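Undergrad: Have a look at this one.
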Amino acid sequence: MTGKVLAIILLLSAAIAGAGMYYLQVYGYYYTVQPNPGADVVLLADGSDAPQPIPYTGFQAIDADSSPIRYRACFETELTLEELQATYMSVGDATPLTAPGWFDCYDAVSLADALKTGQAKAFIGTKNIHFGVDRIVAVAQDGRGYIWHVLNNCGEKAYDGTVIGEECPPKPQN
């Protein structure tokens, strides 16, 4: 009888721990980002070091303090891909990161397909928004836009333990 009780306790504990970890990963750490009109959607112009805001509407974003690459956002713009490509620095092989399923406006799979087929283009939003992390902004032909963060070369080196070279900015102290 004692063995059955212990087995039931272990199974219940494992189920509760698994459900708790799932909730924390998918829902718990995320929060809604409050819009900051004129500063939420910025792009790095060719030959410039400072990002410039672009006109947008319908901004929605989520973020989490647990990781600098959990930021995801959606917006709409009236600028065409041709206008954006003529002015802003594009990214060649951008791969969007996935978002939680409950963040409905952001679909990484369809965005990745649109980037591959040329129906969307990706641009540098901000370099080193956090140490070793760049903000990528992608805009589709229909004006829908998406934002996510990716590790840049310095970030990949810093997080895998490789020595960071002189081309990287100094790493902030915790």
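Mapping the sequence shown onto this note's numbering, position 159 (from 1) lands on 146, and the numbers just tick up by one. Each residue gets a CB set at the ideal place from its N, CA and C atoms; glycine is no exception. Everything numeric in this text was worked out from a predicted model, so none of it was measured.
#1: Spatial neighbours of Y16 within its chain, please: C-beta separation below 6 Å, excluding the five flanking residues on both sides.
#2: Taking Cβ to Cβ, would you say V20 is nearer than 8 Å to A48?
#3: Helix, strand or coil, according to DSSP, for C61 in the structure here?
#4: What does the alpha-carbon distance come out to for the pair K108 and I(-4)?
#5: May I ask which residues mark the beginning and end of the beta strand (DSSP E) holding N115?
#6: Per DSSP, G132 is paired with what?
#7: Could you give the distance in angstroms between the alpha-carbon of W89 and the alpha-carbon of Y9?
#8: Answer with buried or exposed for Y18, where buried requires no fewer than 16 other C-beta atoms within 10 angstroms of its C-beta.
#9: Quick check on the DSSP output: the beta strand (DSSP E) that includes I(-4) runs from which residue to which?
TA: So, to answer that:
#1: Residue mapping note: residue 16 aligns to position 29 of the sequence shown, counting from 1. Closer than 6 Å at the Cβ level, and outside the excluded window around Y16, lie A51 and S53.
#2: By one-based count along the sequence shown, residue 20 stands at place 33. By one-based count along the sequence shown, residue 48 stands at place 61. Taking 8 Å as the Cβ cut-off, V20 and A48 qualify as a contacting pair.
#3: Residue mapping note: residue 61 aligns to position 74 of the sequence shown, counting from 1. Correct three-state label for C61: strand.
#4: One-based indexing of the sequence shown puts residue 108 at position 121. One-based indexing of the sequence shown puts residue -4 at position 9. Using only the alpha carbons, I get a separation of about 53 Å.
#5: The residue given as residue 115 occupies position 128 in the sequence shown. From DSSP, the beta strand (DSSP E) with N115 extends over A107 to H117.
#6: Counting from 1 along the sequence shown, the entry for residue 132 is found at position 145. Partner(s): F62 and V126.
#7: Along the sequence shown, one-based indexing puts residue 89 at 102. Along the sequence shown, one-based indexing puts residue 9 at 22. If I take the Cα positions, the gap works out to 14 Å.
#8: Counted from its first residue, the sequence shown places residue 18 at position 31. Answer is exposed; the Cβ neighbour count stays below 16.
#9: Along the sequence shown, one-based indexing puts residue -4 at 9. No beta strand (DSSP E) holds I(-4); the alpha helix (DSSP H) holding it covers T(-11) to Y10.
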